[in-house]
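Enquirer: Below you will find the structure I want to go over with you.
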Amino acid sequence: MLRAFQTDDAALRPVAEKVLAGTRLDMDEGRALYRSADVLAVGWLANHVRERLHGNRAYFNVNRHINPTNVCVAACRLCAFGRKKDAPGAYTMALEEAWQAAASGYSEAITEFHIVGGLHPDLPFEYFLDLIRGLKQRFPQVHLKAFTMVEIAYLAKRAKLTIRQTLEQLKAAGVDSLPGGGAEIFADRVRHIICDHKIDGDQWLETARLAHRLGLRSNATMLYGHVENDEDRLDHLLRLRALQDETGGFQTYIPLAFHPANTPLQHLHTTTGWRDIKEVAIGRLLLDNFAHVKSYWQMVSPKIAQIALRFGADDIDGTVVEEKIYHDAGATTPQGLRRQDLIRLIKEAGREPIERDTLYRPVTRTETSFTVSV
Ligand code: V47
């Protein structure tokens, strides 16, 4: 097998031996991956792991994003979405509006609502509980993947509850799992520059730990392509891996490409295709205890997400329908894709498209109905 692996980068050979033997990579081997210019060799190794785990399968889902408010107290320099309460463009959906947003574009039989928003200084915790209860009542079969660790910590502070109590109440109201946002880069040096007022890396990890202990699965993200360096990314990935060893509660790792337009960091460059592909591959190689690695097509474009299916990714996310966070930051991707567009992207890459629900159970559809295998 090692003979099929080719590289002119001598530093990758010992890494390849470990990957092919199924042995965990350490920090130094992570450094070798980041330093290597041989993206094909790094990608070959990541693809090897991806195929060992998932064969030819590539996952997508039929989902809809709902962003109930863009009002946010945090003022993160990485963000173009958040607004102060009275600023032009600030919005907060009434509960009826949010439920209506969920219902619009429902024709493709959505299996997941992905719900995230700003840190609103006035909305009471009851608003979020009612939002979730109302969605569960109206769409009982839809999985509610709602609120990042950052939102959870803020809701807890405002409601004067512990993180655990907050998570328990949201779970009782109908939250089924948590998305992976808000992780950014855990290193304090970077956080002070890009998202100074957010919870720190340890608090993000502790909130995820508590969620997992309560039986709520979550995803994990890493925002790259701004002021971070290789060491910061390695530190981030290894801290995620350590928590996953402890809880096993993460489902999917999603590297997110920074979009600088309309943010206070707009002087920075956008990421390149080389960097986007390499981040997927390195995530797949270092996070040996994560079942899935997603190349989120909205972030990196459908074209890059498709290629990533041969560089470590086994998932390209879903239909989304209406995306706001990256489009406010200048993304030129479509707001949503249709189910058949996702299938075409996957098939053309020579992979077998598997529609999944949020928990990666296959969804079978007929002309008029769909079922989830349990
Ligand atoms: O946490 C904000 C990022 C995240 C910008 O769990 C930006 O399945 C780039 O986490 N440029 C939210 N990124 C999105 C997110 C997510 C998306 C899709 C699927 C899942 C999942 C999670 O978006 C934020 C932040 O890291 N973000 N602003 C920006 N200007």
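Reminder that position 354 of the sequence shown reads as 599 in this note's numbering, one-by-one numbering, no gaps. Don't be surprised by glycine CBs; every beta carbon is placed ideally from N, CA and C. Please read all numbers here as calculations on a predicted model, not as lab measurements.
Taking only heavy atoms of the ligand V47 into account, decide whether any of them is closer than 6 Å to the Cβ of C440.
Expert: No.
Enquirer: Relative to the ligand V47, is the shortest distance from any of its heavy atoms to the C-beta of T564 smaller than 6 Å?
Expert: Result no, Cβ not under 6 Å from the ligand V47.
Enquirer: Shortest alpha-carbon distance to M272 belongs to which of L285, V395, Q580, A487?
Expert: For M272, the nearest C-alpha among the options comes from A487.
Enquirer: So L412 and L482 are supposed to be a Cβ contact under 8 Å. How far apart are they, rounded?
Expert: That pair is no contact at about 25 Å.
Enquirer: Below 8 Å on the Cβ atoms is my guess for A343 versus V307; work out the distance and round it to an integer in Å.
Expert: Going by Cβ atoms, the distance from A343 to V307 rounds to 19 Å, so no, they are not a contact pair.
Enquirer: For G267, count neighbouring C-beta atoms within 10 Å of its own C-beta (all shown protein chains included) and say buried if the count is 16 or more, exposed if not.
Expert: With fewer than 16 other Cβ atoms within 10 Å, it is exposed.
Enquirer: Could you round the C-beta distance between Q496 and R462 to whole angstroms and report it? I think they count as a contact, below 8 Å.
Expert: Yes, Q496 and R462 are in contact; Cβ-Cβ is about 5 Å, under 8 Å.
Enquirer: To test your reading of the DSSP string, which unbroken alpha helix (DSSP H) runs of 4 or more residues are found completely within the segment 497 to 535?
Expert: Listed in chain order, they are 518 to 531.
Enquirer: Using alpha carbons as the reference points, say which of Q414, Y571, L270, T337 lies closest to G426.
Expert: Looking at the Cα atoms, Y571 is the closest of the given residues.
Enquirer: I'd like to confirm something about T466: is its beta-carbon nearer than 6 Å to some heavy atom of the ligand V47, or not?
Expert: Indeed, a heavy atom of the ligand V47 lies less than 6 Å from the Cβ.
Enquirer: By alpha-carbon positions, which one of A594, L590, A249, R584 ends up nearest to E600?
Expert: Ranking A594, L590, A249, R584 by Cα distance to E600 puts R584 first.
Enquirer: Figure out for me which residue from V294, I588, D367 has the closest Cα to the Cα of N315.
Expert: The option with the nearest alpha carbon to N315 is D367.
Enquirer: Just grab the DSSP bridge partners of D480 for me.
Expert: Partner(s): none; D480 has no beta bridge.
Enquirer: Going by the beta-carbon positions, is the gap between P500 and V525 smaller than 7 Å?
Expert: Yes.
Enquirer: Give the DSSP-derived three-state secondary structure of T452 in the structure shown.
Expert: Of the three classes helix, strand and coil, the one that applies to T452 here is helix, per DSSP.
Enquirer: At what residues does the beta strand (DSSP E) containing T616 begin and finish?
Expert: From DSSP, the beta strand (DSSP E) with T616 extends over 615 to 617.
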